[in-house]
Amino acid sequence: MTTRKRILITGASSGLGEGMARRFAAEGRDLALCARRTDRLDALASELTEQHPGIRVRTAGLDVNAHDDVFTVFRSLADELGGLDRIVVNAGLGKGQPIGTGYFAANRQTIETNLVAALAQCEAAMELFREQHAGHLVVVSSFSAIRGMPRNMTAYGASKAGAAALADGIRADVHGTPIRVSTVLPGFIESEMTSRSGGRTPLVAGADRGADSLVKAIESERGTAYVPSWPWTPLSVLLKALPVGLFRKFV
């Protein structure tokens, strides 16, 4: 399998994005890291280049909801690294409240960030990959995408289901070409987002295990992968089949 040497990750200043950056750096990959918090990005870049002197790390401040900036930043980072071999669409937001309870603004922001901004990132990535005739697009969805979620997860789950469908459609479109497309669906993994959510998060995997599993799934370049595979792969089958009343109690 092709080694993806030059990897761009959005939402790389914390959580799964930071965890992925650390693991790819340890494997000698060159990195393009994007996030809004540039101070944290720059600190991470300095740490990684000190620990792994043979790699290149470039950073860029990016709010993925500034859609024009997504295209500009992706192309600029590709120019700096002489191309990009893999782009990980990871930036996301976990806000949300039950629909109809007066929190439309928060629910809209979640869907705009996790779906509309994901579309902008996919568009920018695929423009580069179509020009190169090669590349690996990775869309970080969520286990919450498997079916409609209740309570605070409704808008979030819908946004992640949309992102997963977007990735599936792109994969079908480029099937048979050198461009690969993967959808990864993490279960509950310890991160800033889960700690702020205030919701119930059973079966939470530690941040290290979650990042290790995520990188392993990405490197396999499978079309779809639940992360960590245990217990989320079998749970995906179970939860899809549960009657809504039982499903609501479980999640």
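For the sequence shown, my numbering begins at 770 and goes up steadily by one.
Ideal Cβ placement from N, Cα and C applies to all residues, glycine included.
Please work out which residues of its chain come closer than 8 Å, Cβ to Cβ, to residue i, disregarding the five sequence neighbours upstream and downstream, and give them in chain order.
| i | result |
| --- | --- |
| residue 882 | 833, 834, 860, 861, 862 and 928 |
Contact check, residue i vs residue j under 8 Å by CB: the rounded distance?
| i | j | result |
| --- | --- | --- |
| residue 843 | residue 777 | 7 Å |
| residue 982 | residue 1005 | Not a contact, Cβ separation roughly 15 Å. |
| residue 775 | residue 854 | 5 Å |
| residue 761 | residue 925 | In the structure as shown, the chain begins at 770 and stops at 1020. Residue 761 is therefore absent and cannot be evaluated. |
| residue 933 | residue 914 | 5 Å |
Buried or exposed: where does residue i fall if 16 or more other Cβ atoms within 10 Å of its Cβ makes it buried?
| i | result |
| --- | --- |
| residue 923 | buried |
| residue 898 | buried |
| residue 802 | buried |
| residue 820 | exposed |
| residue 912 | buried |
| residue 713 | There is simply no residue 713 to check, as the chain begins at 770 and stops at 1020 in what is shown. |
Can you name, in chain order, every residue of its own chain whose Cβ lies under 7 Å from the Cβ of residue i, other than the five neighbours on each side?
| i | result |
| --- | --- |
| residue 787 | 781 and 813 |
| residue 807 | 828 and 830 |
| residue 988 | none |
| residue 980 | 785, 788, 789 and 792 |
Quick one: what's got a C-beta closer than 6 Å to residue i's C-beta in the same chain, skipping five residues either side?
| i | result |
| --- | --- |
| residue 920 | 867 |
| residue 1002 | 995 |
- request: Mind the definition here: the region 937-951 touches the region 900-912 only if three or more C-beta pairs lie below 8 Å; say whether that holds.
  value: The region 937-951 makes contact with the region 900-912, as at least three CB pairs between them are under 8 Å.
Q | Residue ranges of each alpha helix (DSSP H) within the region 836-874, 4 or longer | A | 836-850
>> Report the start-end ranges of each alpha helix (DSSP H) in the region 781-839 that is 4 residues or longer and not cut off at the edges.
In response: Here the runs fully enclosed are 784-795 and 807-820.
Practice item. Pick out the complete alpha helix (DSSP H) segments inside the region 892-936, 4 residues or longer, and give them in chain order. Key: none
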